[in-house]
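In order, the protein sequences belong to chains A and R.
For the first sequence, our numbering assigns the number 1 to the initial residue and increments by one for each residue that follows.
For the second sequence, our numbering assigns the number 1001 to the initial residue and increments by one for each residue that follows.
These notes concern the structure reproduced below.
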Amino acid sequence: MGSAQSVPPEMRALAERTGFTSEQIEQLHRRFKQLSHNRKTIRKEDFDTIPDLEFNPIRARIVHAFFDKRNLRKAPAGLAEEINFEDFLTIMSYFRPIEMDMDEERLESFRKEKLKFLFHMYDADYDGIITLQEYKNVLDELMSGNPHLEKESLRAIAEGAMLEAASACMARTGPDEVYEGITFEDFLKVWKGIDIETKMHVRFLTMEAIAHCY
Amino acid sequence: MGAAALRALHWALLLLLGPLLLGQGLQANATRVSEQPWGEAGGITAAPLATAQEVHPLNRQQHNHSSDGHSKPRKAFPVLGIDYSHVRIPFEISLWILLACLMKMGFHVMSSVSKVVPESCLLIVVGLLFTENLGTILIFAVVGTLWNAFFLGGLMYAVCQIGGSGLNHIGLLANLLFGSIISAVDPVAVLAVFEEIHINELLHILVFGESLLNDAVTVVLYHLFEEFANFEQVTIIDIILGFLSFFVVSLGGVFVGVIYGLIAAFTSRFTSNIRVIEPLFVFLYSYMAYLSAELFHLSGIMALIASGVVMRPYVEANISHKSHTTIKYFLKMWSSVSETLIFIFLGVSTVAGQHYWNWTFVISTLLFCLIARVLGVLVLTWFINKFRIVKLTPKDQFIIAYGGLRGAIAFSLCYLLDYEHFNMRDMFLTAIITVIFFTVFVQGMTIRPLVDLLAVKKKQETKRSINEEIHTQFLDHLLTGIEDICGHYGHHHWKDKLNRFNKKYVKKCLIAGERSKEPQLIAFYHKMEMKQAIELVESGGLGKIPSTISAVSIQNISPKTLPVERVIPTLSKDKEEEIRKILRSNLQKTRQRLRSYNRHTLVADPYEEAWNQMLLRRQKIRQADHQNAYLTVPANKIDSPTMSRARIGSDPLAYEPKPDSENLPIITIDPASPQSPESVDLPNKVPKGCGGLPPSPEEDEEGLVMRPKEPSSPGTDDVFTPGTGDSPSSQRMLRCLSDPGPRQEPEEGEPFIPKGQ
């Protein structure tokens, strides 16, 4: 792996912080360079060069998530203009698979991290709550590949989903209170049934060298 | 001891009572009848055993009868006669099946265990989990079975050499054959037992998948050794050919299945006018797939599975709901009956067949079976866990090993062995039966308490909620996107590509009409709604609220920017139920009255109608129930078109096409009738922009359409206020519509007497 000189010795620190192995970091670095056209940082436009991503209905959100300062752990709100390799790694680290040797506590925090990432993707206005409108936007995007859809159905679905979440979390509060939206705790509850840590991962073990055709 | 034990007990009864009940007379039938299905290399599926056999004997009977009639001397015309021989065969078979079912029924009545109807019929295999674990399952099925076969065969050969004089003559090949017969895990047995214990999905699918897929291995090995036993010598070439034939058998089987599946899917596209025969297509195509595969000595079970998997998404989209239900329940019935019959045959043959008991052989078989299984599972799991994200724990491994039940396939394969070539067949049979009995009884009965003891993860009973569905889809797309960004062509990438291919080309061909464009989420949502609608109708109108939604309604959900609104609390549930029942019976009346108002109001939607009804009902409640200042009207679910369609479908009077749909200006009629103050105030209590959401631009452009601003989602039966429409026009609307008339009509006095529905 001859690209060692382009990765500074901070790689150790990086490896430790993000939990990747040095091989994985090198591979990701190669990918980073491809995306950034050998510059130091990536901008949003660089993501448009990935052909397969076009078909993805939530493409905008995914790209957005890379620049979200909350995910980069830099600020509680706002978007970064560009990200460097370290940021790239930070985002990727949310998708690491779990390891066998993790203890309960680490597993729990790992899980929370992943869910927080997801939460930020839903919550577009940085207020920490997923409102009905935001949820609807998500649904609109998800279904954007289907022009034949009735708006009614989407709306009904969004409301149904919100109601479900609300009723799950509102059990204690009286009906007088207003339910503003899904908070992170509620979000956690919804995901309790699904083992996020087993689902939300990408195998970084095997990554082929990408054809240099972009 | 739990349902599993009861089940096993139930089988015991069947196995033992079978021969007792049916007596000697039927034994002849039994052996003849049992040979037929087993003749297909032991493929046990939901095959119509009874009908297949009925055809043959019946033909023969008819033949005899007709030839007889001609030569008889002339006698008086028999007005009434008894001719038992004419109907003997089908009669006995039906009687047999009937008795089996009665026994089953009686057993259940006795124990009052409500059996969980098996969801996984052989045709409808579990989807996602299956494909994700396919690698694991294949390894278990193929390598595991091979290992079992050879290990067992080899060891038995050793035993035979060492053992007493009776065993020395059994050659290596015979032993290997024996090993291959007995090493296959039986899907029927596994299915039955695992269903009861509600084990978590992963384990269930692993063992069950293994038992299905090892059919190919079993078929190949069986034929291989059977042939080899005839050869004088086995050369390398033969072994290689055998190896090759494995691929041919399994892949060929799958290929045949896929072809039939596609044909079936394509056929179902055109059945929209003749819904009645849809189930028949499904059954026939599947059975033909099985038969065609068996024709070429390919793996019939794999063909069956492949055809089921391939045809399912398309056929499900195309066929009517009723056909779907028919297929589902018919298959369940069929599989239930077959299972019962299989075990009865087993019992009968146990008693009726010849046996040769050899202690050494039998005991060592049993022992080595267990050992082989355990070892196999351990080694394979160690190997597989290197590649799995979700590792298999020792507990899982134990269950997998323990759940390796043998069943009727092994028995029938042995039964078919040629006596001349394998003169130790009886001994094999005895050993096999012993092993089957042991695994089924001992392992089958004890697995349930063991599962509890080891605290293995059970199946999660949660229903899939809309939220989960949305999130899962979101996650899928997210992961695909990340994989693309990483440049990693992983699991998600290919799945996504397949989906896109499917959507673009295949679905267009195979799914009729508009349904092909419906995305999964919407389909899911509609399904849920449909379910709820049916529940609603079945429970006599406005029944119980689905459990997912409870005391929250849509106006409780508001963005924080709006001031906190007054929200009308809900009535207690019982009261609501009561009121609903009462109001339901009055629906007819209100509708009649309502129609006269439509000329003065806007009539754009079916939502309209429901809205109006609701308001009128509110009226009624108010009049009926003055104590409550706050009112909740159990609304008809005003929501998506599907719901209204569902409702319309069930209640023809609910909506009728309105003749006029122009947008008339609103006529505000001041309420002149003695209305309780609430009726007027209520809309006011919930001021504009109440509880609901800020009017989105699209709504405004729709003009003065009187519709609930935010239609209640499925299940929000509880709270309803007219205030959810926040345009001022709608409020005026309300006031206008909530007027039932200038005077109290006499019928109003009797709103609580159900009008004969």
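Glycine included, each C-beta is placed from N, C-alpha and C at the ideal position.
Since the structure is predicted, the reported quantities are computational estimates derived from the model, not experimental observations.
| Item | Value |
| --- | --- |
| Bridge partners - Asp-68(A), DSSP secondary structure assignment | Leu-79(A) |
| Span separating the alpha-carbon of Met-1528(R) from that of Phe-1343(R) | 38 Å |
| Residue-chain proximity (Glu-10(A), chain R), Cβ-Cβ < 8 Å | no |
| Cβ of Phe-1474(R) within 8 Å of any chain A Cβ | yes |
| Below-8 Å beta-carbon distance, Ala-4(A) vs any chain R residue | Because Ala-4(A) carries a pLDDT of 45, less than 50, the predicted location of this residue cannot be relied on, and the following value inherits that uncertainty. Output row for Ala-4(A): interface = no. |
| The stretch 1480 to 1499 of chain R in contact with the stretch 1244 to 1256 of chain R per 3-pair CB rule at 8 Å | no |
| Beta carbon proximity, Glu-1538(R) to chain A, threshold 8 Å | no |
| Identity of the residue in Leu-1241(R), Ile-1319(R) and Phe-1247(R) nearest Ile-1277(R) by Cα | Ile-1319(R) |
| Beta-carbon neighbours of Leu-1392(R), restricted to chain A and to distances below 9 Å | Residues of chain A passing the Cβ test: none, with the nearest at roughly 12 Å. |
| Test: Glu-104(A) CB closer than 8 Å to a CB of chain R | no |
| Length of the line joining the Cα atoms of Arg-31(A) and His-37(A) | 10 Å |
| Pro-1279(R) beta carbon less than 8 Å from that of Ile-1327(R) | yes |
| Beta-carbon gap between Gly-181(A) and Ile-130(A) smaller than 8 Å | yes |
| 8 Å Cβ shell around Asp-123(A) - same chain, five flanking residues per side excluded | Ile-129, Ile-130 and Glu-134 |
| 6 Å CB neighbourhood of Lys-1544(R) in its chain, flanking five on each side removed | Caution is warranted here: a pLDDT of 44 is assigned to Lys-1544(R), below 50, making its placement in the model unreliable, and the coordinate value is therefore given only provisionally. If we look at Lys-1544(R) and ignore the five residues flanking it on each side, it has no Cβ neighbours. |
| Counterpart residues of Ile-130(A) in DSSP-defined beta bridges | Ile-182(A) |
| DSSP bridge partner residues for Arg-1373(R) (one or two, in chain order) | Arg-1373(R) pairs with nothing; no bridge assigned. |
| Given 8 Å, three or more beta-carbon pairs between the stretch 83 to 94 of chain A and the stretch 14 to 32 of chain A | yes |
| Whether Tyr-1285(R) touches Ser-1307(R) by CB criterion (8 Å) | yes |
| Burial state of Asn-1175(R) (16 or more Cβ within 10 Å) | buried |
| Nearest residue (CA-CA) to Phe-1428(R), options Gly-1144(R), Thr-1145(R), Phe-1077(R) and Ser-1180(R) | Ser-1180(R) |
| Endpoints, the alpha helix (DSSP H) within which Asp-1238(R) is located | 1236 to 1268 |
| DSSP three-state assignment for Arg-155(A), whether helix, strand or coil | helix |
| Interface partners of Pro-97(A) on chain R, CB under 7 Å | Ile-1389 |
| The alpha helix (DSSP H) enclosing Glu-1469(R), as first and last residue numbers | 1466 to 1486 |
| As assigned by DSSP and simplified to three states, the class of Arg-43(A) | strand |
| Within chain A, the residues that Asn-1467(R) reaches when beta carbons sit closer than 7 Å | Ala-161, Glu-164, Ala-165 and Val-190 |
| Below-8 Å beta-carbon distance, Leu-1134(R) vs any chain A residue | no |
| Helix, strand or coil at Glu-10(A) according to DSSP, with G and I counted as helix | coil |
| 7 Å CB neighbourhood of Ser-1250(R) in its chain, flanking five on each side removed | Ala-1216, Ser-1299 and Met-1302 |
| Euclidean distance between Cα positions of Gly-1444(R) and Val-1193(R) | 6 Å |
| Under 8 Å by beta carbon: chain A residues contacting Gly-1481(R) | Leu-53, Asn-56, Ile-58, Arg-59 and Ile-62 |
| Residue burial classification, Thr-18(A) (beta-carbon count within 10 angstroms, cutoff 16) | buried |
| Contact residues within the stretch 69 to 81 of chain A, judged by C-beta distance below 9 Å to chain R | none |
| Simplified DSSP assignment, three categories, for Ile-1342(R) | helix |
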